[in-house]
Amino acid sequence: MKKIGLLVLAIAVFACRGKESKSEEADSNPLSGAEEVQPPVLEEPQWAVLFDGTSFDGWHFYNGESIAEPWKLEDGAMVFYPPEERPEGASYNIVTDKTFTNFVLSLEWKVAANGNSGIFWGVHENEKFGQPYLTGPEIQVLDDEGHPDAKNGTTHQAGALYDMVAPSEKAVKPAGEWNLVEILVNHETNEGHVVLNGKKIIDFPVHGEAWDEMVANSKFADWEGFGAYRTGNIGLQDHGDVVAYRNIKIKEL
Numbered sequence: 055m056k057k058i059g060l061l062v063l064a065i066a067v068f069a070c071r072g073k074e075s076k077s078e079e080a081d082s083n084p085l086s087g088a089e090e091v092q093p094p095v096l097e098e099p100q101w102a103v104l105f106d107g108t109s110f111d112g113w114h115f116y117n118g119e120s121i122a123e124p125w126k127l128e129d130g131a132m133v134f135y136p137p138e139e140r141p142e143g144a145s146y147n148i149v150t151d152k153t154f155t156n157f158v159l160s161l162e163w164k165v166a167a168n169g170n171s172g173i174f175w176g177v178h179e180n181e182k183f184g185q186p187y188l189t190g191p192e193i194q195v196l197d198d199e200g201h202p203d204a205k206n207g208t209t210h211q212a213g214a215l216y217d218m219v220a221p222s223e224k225a226v227k228p229a230g231e232w233n234l235v236e237i238l239v240n241h242e243t244n245e246g247h248v249v250l251n252g253k254k255i256i257d258f259p260v261h262g263e264a265w266d267e268m269v270a271n272s273k274f275a276d277w278e279g280f281g282a283y284r285t286g287n288i289g290l291q292d293h294g295d296v297v298a299y300r301n302i303k304i305k306e307l
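According to our numbering, the stretch in the sequence shown is residues 55 to 307, in order.
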């Protein structure tokens, strides 16, 4: 009986030591459990330069070829000078070579006294659309004090989503001074906003029923193709006035 008791005791001690060994092995390998594996770290979106101040690389005339006059490069900016003699029907709107869907666009703009221009997104190039504004929604670039369009309602003033959403406050600088604008368009979250000179001045949906209602209540209600393209070019407008743009960059989301 004494031998049997010693044998049972020995087996129990061996079993305990085996459990301790396995426990220590598990502790030394904390990632052995599938539930403990950490998810991969996602990279933050990075800024990409769309205009570096030295060339028009990455841009072209809407429905056309490489950019030439009346756009010029001056002091790190692209500057539009309206031609003294404009051929009938000619326009000199410019767009990016690449198309974008979800993004943050950042740039600086400066308009001459009494000047007017605009920044488009979702522009679709097609010969049946003669102008970027026929498809691309516009963020207004304007001399609010001097251009008559500012008197046509707040949805026509600088920083507005043109003819649809008015700025919540006046953030634009006087004609001849640089303005910094950030435009967010995100179809994944259905969000859009404009920050002008550090102040968020408009928020808006970018698709869906609320967007459709805004379009229906605007001058664009019966325009085929307006706001219909989630993916499209970024565009800058020839509105017949002197305007300059610089430090153009984009962050795709």
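Ideal Cβ placement from N, Cα and C applies to all residues, glycine included.
In this text the structure is predicted, and so the values were computed from the model without any measurement.
Query	Result
Identified DSSP bridge partners for V297	F134, V165
Close beta carbons around Q291, own chain, < 6 Å, minus the five adjacent residues each side	N147, S171, G172
Where W265 falls: helix, strand or coil (DSSP)	helix
V219, buried or exposed, once every other Cβ within 10 Å from all chains shown has been counted against 16	buried
Residue(s) in a DSSP beta bridge with I255	Answer is none; I255 lacks a bridge partner.
Buried or exposed by the 16-neighbour rule on C-beta atoms within 10 Å, applied to G169	buried
Per-residue DSSP class, three states only, for H114	strand
Three-state secondary structure assigned by DSSP to K152	coil
Segment contact, 8 Å Cβ cut-off, at least three pairs: the stretch 248 to 257 with the stretch 225 to 236	yes
Helix, strand or coil at A270 [DSSP, three-state]	helix
Nearest candidate by alpha-carbon position, reference V177, set Y283, E306, V297, N301	Y283
Separation of G112 from L104, as counted between CA atoms	7 Å
Proximity winner among A275, K305, L234, P191, relative to F258 (alpha-carbon distances)	P191
Bridge-paired residues (DSSP) for K303	V103, S160
Closest Cα partner of L196 within the set T189, V165, G184	V165
Assigned secondary structure, N206 (DSSP; H/G/I helix, E/B strand, else coil)	helix
Residue nearest to T243 in terms of C-alpha spacing, selected from D266, N287, F157	F157
Rounded Cβ spacing between W163 and Y299 (contact assumed at less than 8 Å)	5 Å
Y216 to I193 span [Cα, whole Å]	6 Å
Cβ shell of N117 (< 6 Å), same chain only, five flanking positions each side left out	E179
Integer-rounded CB distance, given that G289 should sit under 8 Å from V133	Contact flag wrong, Cβ pair sits at about 16 Å.
Reference N233, options A122, T153, K152, D198, closest by Cα	D198
Counted within 10 angstroms of its Cβ, other Cβ atoms place T108 as buried (16 or more) or exposed	exposed
Segment limits, beta strand (DSSP E) that includes Q185	Counting along the chain, Q185 falls outside any beta strand (DSSP E), and DSSP gives it neither H nor E.
Endpoints, the beta strand (DSSP E) within which Q322 is located	Since the first and last residues shown for the chain are 55 and 307, residue 322 lies out of range.
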